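So the sequence shown is residues 0 to 213, counted in numbering that gives the first Met the number 0.
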Amino acid sequence: MHTEKEAIETSPDIVIVAENLADVAAREALLDRAMGPKRRKKSSEKLRRGRRPSEGLALIARNAEGSAIGTVRLWDVRLGEGGPAALLLGPLAVDPSTKGAGIGSALMRQAIAEAARLGHRAILLVGDAPYYARFGFTTEKTGQLSMPGPYERDRFLALELVPGTLDGARGVLKAAGRKLGASVRKSPAAFAKSDVSSDSPSGSFTRPAGRLAR
Ligand SMILES: CC(C)(COP(=O)(O)OP(=O)(O)OC[C@H]1O[C@@H](n2cnc3c(N)ncnc32)[C@H](O)[C@@H]1OP(=O)(O)O)[C@@H](O)C(=O)NCCC(=O)NCCS
């Protein structure tokens, strides 16, 4: 007999797809459930507010019923004034009822693969080093970089997609993503509707059959 965790790990029905407009409300509710209201006070939020995610890099995990059970988005940033371009990852979250089933890892691996495929050179994030180390994230190259607000230095991590990209990188991260339209910013409802790439690909990144990639 399968445990619940094994059932999810072996289910062929969980897919990772590009987020679309219909996912916004479910994604926000999922983030509230997984992270609580303080999520909006994070320094990373300063680099996301009023911006669209990097093109093609807002991903949702869906279960067999089509419900959103995981989310990850990546954002365009610059490393210091006039510095190189990079991505900031976050938030990453899965529905609390599906924790430990490999969905977070599958989202991370898909996000990293897509970012590399799209030509991005480095990904940064603020998060738990023991979790993100398994995907190659370390503090090794973030020592001369900083977030625009309070954060814990040992949680400020980076992964180079192109080796050497972060050599010599220094300064405060700056938002560099496509801005939400001015009219959109005035209305919270419209903001939520627009908080997703309007040109998200409709194609899915269905994971290979079998266990979710860990
Ligand atoms: C962090 C999160 C996305 C992981 O997703 P998940 O689908 O539960 O994780 P996976 O099933 O892919 O991986 C589970 C493994 O990660 C480990 N893990 C999970 N969260 C961890 C954390 N914060 N620190 C260290 N290890 C962690 C588990 O112990 C497990 O280890 P194992 O493979 O050795 O058994 C999920 O727990 C979550 O949504 N948390 C709340 C939101 C959040 O805090 N997000 C930001 C994280 S910094």
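From the three backbone atoms N, C-alpha and C, an ideal C-beta is built for every residue, glycine too. Model, not experiment: these values are computed from the prediction.
| Check | Outcome |
| --- | --- |
| Report the three-state DSSP secondary structure of residue 178 (helix, strand or coil). | strand |
| What are the boundary residues of the alpha helix (DSSP H) that residue 129 is part of? | 128-131 |
| Along the beta strand (DSSP E) that carries residue 219, what are the first and last residues, could you check? | Residue 219 cannot be examined here, being either before or after the span of the chain that is shown, 0 to 213. |
| Nearest to residue 20 by CA position, among 32, 44, 58, is which residue? | 58 |
| Helix, strand or coil: which one does DSSP assign to residue 16? | strand |
| Give a yes or no on contact between the region 63-77 and the region 130-150, applying the rule of three or more CB pairs nearer than 8 Å. | no |
| Taking buried to mean at least 16 other C-beta atoms within 10 Å of its own C-beta, is residue 12 buried or exposed? | exposed |
| What are the boundary residues of the beta strand (DSSP E) that includes residue 92? | 84-93 |
| Spell out the partners DSSP gives residue 58 in its beta bridges. | 17, 71 |
| Can you give me the Cβ contacts of residue 88 inside the same chain, cut-off strictly under 6 Å, excluding the 5 residues immediately before and after it? | 73, 122, 124 |
| So, helix, strand or coil for residue 63, using DSSP? | coil |
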